[in-house]
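Undergrad: Sharing a structure, written as structure tokens. Questions coming.
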Amino acid sequence: MDASKYLIIGGGLAGGKAVEGIRKVDAEGAVTLVTAEPHRPYQRPPLSKDYLRGQAELDHVYLREPGFYPENGVELITGARAAALNPATRRVWLEDGRELGYEKLLLATGGRAWRLPLPGNELEGVYTLRTIDDSQRIRAAAADGASVLILGGSFIGAEVAASLAQSGAQVTMAFPEGRLLERVAPEPLSEWLHRLYAERGVRILPRTTAAELQGAGRVEWAVLDRGESLAAQVVVMGVGIRLNTELAQAAGLELDAQGAVVVDETLRTSDPSIYAAGDIASWPDPTFGKRLRVEHWDVARLQGTRAGRNMAGEERPYTALPYFFSDLFDLSVEAWGDLAPWEQTVLRGSLEAGSFAYFYFREGRMVGALTANRPDGERKPVQELIRARAAYDAVAARLPDESQDLAAL
101 MDASKYLIIG
111 GGLAGGKAVE
121 GIRKVDAEGA
131 VTLVTAEPHR
141 PYQRPPLSKD
151 YLRGQAELDH
161 VYLREPGFYP
171 ENGVELITGA
181 RAAALNPATR
191 RVWLEDGREL
201 GYEKLLLATG
211 GRAWRLPLPG
221 NELEGVYTLR
231 TIDDSQRIRA
241 AAADGASVLI
251 LGGSFIGAEV
261 AASLAQSGAQ
271 VTMAFPEGRL
281 LERVAPEPLS
291 EWLHRLYAER
301 GVRILPRTTA
311 AELQGAGRVE
321 WAVLDRGESL
331 AAQVVVMGVG
341 IRLNTELAQA
351 AGLELDAQGA
361 VVVDETLRTS
371 DPSIYAAGDI
381 ASWPDPTFGK
391 RLRVEHWDVA
401 RLQGTRAGRN
411 MAGEERPYTA
421 LPYFFSDLFD
431 LSVEAWGDLA
441 PWEQTVLRGS
451 LEAGSFAYFY
461 FREGRMVGAL
471 TANRPDGERK
481 PVQELIRARA
491 AYDAVAARLP
501 DESQDLAAL
């Protein structure tokens, strides 16, 4: 049996940043990272953005050069899936039969893209987007002005639609919700985005689902629930992920009602030698006084780093404010906090000018903000207002006034 002081299961952003976190504190302890993918650790945002558009090389996706891992005493095991975990003996078994021991373990297993159970979903040309290989396949299939159907109206669907439209594809979006980005966008923002996408050549079909995909070996048509048939050489399902928590569940770790791994403020699970970070982790958030689980880049980055440092002995709480970014055509979107559900919103700036900030309130207190193309000087005070849980009655009348310094509110 091979044994390491630190064992990391998962080669996404959280797992990769945990390696760096460990090495910031412990330069010598043996580290092993196991990933089911054939790639070294990488980040996922470029897969739906500049890498999908062909505007970034693969080096932009990877976290580190290949030599970083051996140079830092890290054993990297790629293309291997963890099959079983025994916390009592501190052992993990891989599907190929290898047995790995550990002193401290990090579960950063993320999730897998959900594939809608439609007739015809096995056809060539039907994709989900989660991995480097997925992004490469979609980019190749959508070249030369292909007709593309995006199923899903969340940020991943919106990003893929924008990227492929910018690359020359003929894009249609269909989703069951009543409007684009319904879960996080106020109605005026959704309507404005709908017009923006239409102006860029993207057809948007809210309250619409696909009933069947058709083709002779490869997808050619999508039959919608409204009865319409759409030509579709490429179909991309952007409808969320399913958490990879089977390993944790089988090992008896505590999960919450949604199936996420429950961790404390130091990202430690119900087993004191096991930590969890990223998509699968439900943590006690100090700003909002409740548990959160967030599937975004910054949370994976910061939780991975903090888990690594804590595994190596620091044991400090994770207190970062949740943050998210997205690129939608020429909009650089950023969001902080816990946006949904909200009760009131306040707009600063102008949708038509393409530079705006929406502030979200719940129970009379600020809980988040979603901004696009705003001055860099507003980023810090926006976060401070959220952390302070600014009262609606105290700031709502002043937020729209751009002559008012946000830092002075």
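For the sequence shown, the positions run 101 to 509 when this note's numbering is used.
Here a beta-carbon is modelled for each residue, glycine too, at the ideal position from N, C-alpha and C.
Predicted model only: the values in this text are computed from it and were never measured.
(1) Pair every Cβ in the stretch 359-374 with every Cβ in the stretch 413-432, then say whether three or more of these pairs are closer than 8 Å.
(2) Taking the C-alpha atoms as reference points, what is the distance between residue 209 and residue 460?
(3) Report the residue from 296, 331 and 295 whose alpha carbon sits nearest the alpha carbon of residue 310.
(4) In the DSSP output, what is residue 321 paired with across the bridge?
(5) Classify residue 503 as buried or exposed, calling it buried when 16 or more other Cβ atoms lie within 10 Å of its own Cβ.
(6) Residues in its own chain within less than 6 Å of residue 354 by CB, not counting five upstream and five downstream?
(7) Measure the alpha-carbon distance for residue 507 versus residue 423 and round it to whole angstroms.
(8) Which same chain residues end up closer than 6 Å to residue 121 when comparing Cβ atoms and leaving out the 5 residues on each side of it in sequence?
(9) Tell me which same chain residues have a C-beta within less than 6 Å of the C-beta of residue 412, skipping the five on either side of it?
(10) Return the chain-ordered list of same chain residues with a C-beta closer than 6 Å to the C-beta of residue 351, the five sequence neighbours on each side being excluded.
(11) Run through the stretch 339-384 for me and flag every whole alpha helix (DSSP H) of 4 or more residues, listed as ranges in chain order.
(12) To which residues of the same chain is residue 499 closer than 6 Å at the C-beta, ignoring the five residues directly before and after it?
(13) I want to know whether the stretch 333-345 touches the stretch 211-228 - three or more CB-CB distances under 8 Å.
(14) Are there three or more Cβ pairs, one per stretch, closer than 8 Å when the stretch 297-306 is compared with the stretch 270-283?
(15) Please list, in chain order, all residues of the same chain as residue 396 whose beta carbon is under 6 Å from its beta carbon, the five residues on each side excluded.
(16) Bridge partners for residue 228 per DSSP, in chain order?
(17) Provide the residue span of the beta strand (DSSP E) that contains residue 449, from first to last.
(18) By how many angstroms is the C-alpha of residue 136 removed from the C-alpha of residue 110?
(19) Would you call the stretch 138-157 in contact with the stretch 232-241, where contact means no fewer than 3 C-beta pairs closer than 8 Å?
(20) Which residues in the same chain have their Cβ closer than 6 Å to the Cβ of residue 402, if we skip the five residues on either side of it in sequence?
(21) Among 387, 496, 497 and 116, which residue has its Cα nearest to the Cα of residue 515?
(22) Would you list, in sequence order, the uninterrupted beta strand (DSSP E) runs of no fewer than 3 residues that lie entirely inside the stretch 112-145?
(23) If I measure Cβ to Cβ from residue 172 and keep anything under 6 Å in the same chain, skipping five residues before and after, which residues do I get?
(24) In the DSSP assignment, find the unbroken alpha helix (DSSP H) run with residue 427 in it and report its ends.
(25) Exposed or buried, which one is residue 346 when buried takes at least 16 other CB atoms within 10 Å?
(26) Please report how far the alpha carbon of residue 471 lies from the alpha carbon of residue 437, in whole angstroms.
(27) Taking only three categories from DSSP, how would you classify residue 484?
(28) Does the distance between the C-beta of residue 394 and the nearest non-hydrogen atom of the ligand GDP fall short of 8 Å?
(29) Can you check whether the CB of residue 213 is closer than 9 Å to the CB of residue 243?
(30) Kindly indicate which residue of 174, 103, 400 and 433 has the alpha-carbon position closest to the one of residue 202.
(31) Have a look at residue 119 and residue 398 and give me their C-alpha separation to the nearest angstrom.
(32) With the cut-off set at 9 Å, would you say residue 165 and residue 132 are in Cβ contact?
(33) Taking C-alpha atoms, which residue in 253, 289 and 250 lies nearest to residue 454?
(34) Whose CA, out of 200, 232, 462 and 428, lies closest to the CA of residue 262?
TA: A quick look at the data gives this:
(1) In short, these stretches touch, since the Cβ pair count reaches three.
(2) Here residue 209 is taken as the residue at index 109 of the sequence shown, counted from 1. Here residue 460 is taken as the residue at index 360 of the sequence shown, counted from 1. In a straight line, the C-alpha of residue 209 is about 31 Å away from that of residue 460.
(3) Your numbering for residue 310 matches position 210 in the sequence shown. Minimum Cα distance to residue 310 is reached at 331.
(4) Within the sequence shown, residue 321 is the residue found at index 221, counting from 1. Answer is 314 and 331.
(5) For the purposes of this step, residue 503 is taken as residue 403 along the sequence shown, with counting starting at 1. Burial is judged here by how many other beta carbons sit within 10 angstroms of a residue's own beta carbon; residue 503 has fewer than 16 and is exposed.
(6) Position 254 of the sequence shown holds residue 354. For residue 354, where only same-chain residues beyond five positions count, the Cβ hits under 6 Å are 362 and 370.
(7) Position 407 of the sequence shown, counted from the start, is the residue given in the question as residue 507. Position 323 of the sequence shown, counted from the start, is the residue given in the question as residue 423. Each residue's Cα considered, the two are about 19 Å apart.
(8) Within the sequence shown, the letter at position 21 stands for residue 121. These residues qualify, in order along the chain: 405, 408 and 409.
(9) Locating residue 412 in the sequence shown gives position 312, where the first residue counts as 1. Cβ neighbours of residue 412 beyond the five flanking positions: 122, 125 and 126.
(10) In the sequence shown, counting from the first residue as 1, residue 351 sits at position 251. Only 185 and 187 meet the Cβ criterion.
(11) Taking 4 residues as the shortest admissible run, the stretch 339-384 contains the following complete alpha helix (DSSP H) segments, listed from N- to C-terminal end: 346-350.
(12) Here residue 499 refers to the residue found at position 399 of the sequence shown. Same-chain partners within the cutoff: 446, 448 and 459.
(13) Counting C-beta pairs with one atom in each stretch, the stretch 333-345 and the stretch 211-228 have three or more that are closer than 8 Å, which means they touch.
(14) A contact exists between the stretch 297-306 and the stretch 270-283.
(15) In the sequence shown, the residue the question calls residue 396 occupies position 296. If we look at residue 396 and ignore the five residues flanking it on each side, its Cβ neighbours are 424.
(16) To locate residue 228, count along the sequence shown from 1; it is residue 128. Under DSSP, the beta-bridge partners assigned to residue 228 are 337.
(17) Taking the sequence shown and counting its residues from 1, one reaches residue 449 at position 349. 444-450 is the span of the beta strand (DSSP E), which, as asked, contains residue 449.
(18) For the purposes of this step, residue 110 is taken as the residue at position 10 of the sequence shown. For the purposes of this step, residue 136 is taken as the residue at position 36 of the sequence shown. Each residue's Cα considered, the two are about 7 Å apart.
(19) Below 8 Å, enough C-beta pairs join the stretch 138-157 and the stretch 232-241 to call them touching: three or more.
(20) Locating residue 402 in the sequence shown gives position 302, counting from the first residue. Once the five neighbours on either side are set aside, the close Cβ partners of residue 402 are 420.
(21) The shown model of the chain, from 101 to 509, leaves out residue 515, and the question about it has no answer.
(22) Counting whole runs of 3 or more residues, the stretch 112-145 contains the beta strand (DSSP E) stretches 131-134.
(23) In the sequence shown, counting from the first residue as 1, residue 172 sits at position 72. The beta carbon of residue 172 sits closer than 6 Å to those of 123, all from its chain and outside the five residues before and after it, given in chain order.
(24) The residue labelled residue 427 in the question sits at position 327 within the sequence shown. Here residue 427 belongs to no alpha helix (DSSP H); instead the beta strand (DSSP E) covers 423-428.
(25) The count along the sequence shown starts at 1 and reaches residue 346 at position 246. Answer is exposed; the Cβ neighbour count stays below 16.
(26) Residue numbering aside, residue 471 sits at position 371 when the sequence shown is read from its first letter. Residue numbering aside, residue 437 sits at position 337 when the sequence shown is read from its first letter. Counting only the Cα atoms, residue 437 lies some 12 Å from residue 471.
(27) Residue numbering aside, residue 484 sits at position 384 when the sequence shown is read from its first letter. Helix.
(28) As far as ligands go, the structure on display features none, and thus does not contain the ligand GDP.
(29) One-based indexing of the sequence shown puts residue 243 at position 143. One-based indexing of the sequence shown puts residue 213 at position 113. No; because the gap between Cβ atoms is not below 9 Å, this pair is not in contact.
(30) Taking the first residue of the sequence shown as position 1, residue 202 is located at position 102. Residue 202 has its Cα closest to that of 103, out of 174, 103, 400 and 433.
(31) Mapped onto the sequence shown, residue 119 falls at position 19. Mapped onto the sequence shown, residue 398 falls at position 298. A straight-line Cα-Cα distance of about 16 Å links residue 119 and residue 398.
(32) Locating residue 165 in the sequence shown gives position 65, where the first residue counts as 1. Locating residue 132 in the sequence shown gives position 32, where the first residue counts as 1. Result no, Cβ atoms of residue 165 and residue 132 do not sit closer than 9 Å.
(33) Working through the sequence shown from its first residue, we reach residue 454 at position 354. Selected option, being the one with the closest Cα: 289.
(34) Start at 1 with the first residue of the sequence shown, and residue 262 comes out as number 162. The shortest C-alpha to C-alpha distance from residue 262 to any of 200, 232, 462 and 428 is the one to 428.
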